[in-house]
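S.K.: For the sequence shown, my numbering assigns the number 1 to the initial residue and increments by one for each residue that follows. All C-beta atoms, glycine included, are put in the ideal place defined by N, C-alpha and C. Provided herewith is a single structure, encoded as structure tokens, for subsequent inquiry.
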Amino acid sequence: MAFNQSCYGLRAKSTSGISTDYLYFALKHYIELLKAEATGSKFDAITTKTFAEVHLPVPDPKVQGQIIRECEAVDGSMAKIVEEGVALGDVPRVMSQRKAAVFEKYL
């Protein structure tokens with residue numbers, strides 16, 4: 001459903017077997033795939049065609065749950081990451097890398 005020219009709201013179809021939490025973490029993880037498919041001369045735009053061409057892996061619900069739990073644990077570990085000596089400005093990158101490792105582990 002489009003809110004604006006290039007602003008979309010996404011939700012998993014109830015029959016798709018995709019958890020909305022899994023969809024959230026998967027889209028954050030695969031955002032570079034979406035950006036690579038973006039088009040436009042003034043600014044990169046992701047269109048409905050882009051979504052049709054990019055395929056996200058959909059593991060079984062049990063694996064989706066494991067991915068969700070581990071990604072949520074990474075989200076909750078920001079203070080620990082800072083304690084490890086990671087500069088505050090690098091925390092988002094480190095969290096992204098740790099979530100990428102979760103997806104690589106299961107997919």
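Among 45, 67, 83 and 88, which has the Cα closest to the Cα of residue 98?
M.R.: Minimum Cα distance to residue 98 is reached at 67.
S.K.: Three-state secondary structure (DSSP) at residue 8?
M.R.: If DSSP states are grouped into helix, strand and coil, residue 8 belongs with the strands.
S.K.: In this structure, how does DSSP classify residue 52 when only helix, strand and coil are distinguished?
M.R.: DSSP places residue 52 in helix when its eight states are reduced to three.
S.K.: Quick one, are the C-beta atoms of residue 10 and residue 57 less than 8 angstroms apart?
M.R.: Taking 8 angstroms as the Cβ cut-off, residue 10 and residue 57 do not qualify as a contacting pair.
S.K.: Taking DSSP's pairing of strands, which residues face residue 45 in a bridge?
M.R.: Looking at the DSSP assignment, residue 45 forms a beta bridge with 39.
S.K.: Could you pull out every residue in the same chain whose Cβ sits closer than 8 angstroms to the Cβ of residue 35, ignoring the five residues on either side in sequence?
M.R.: These residues qualify, in order along the chain: 44 and 46.
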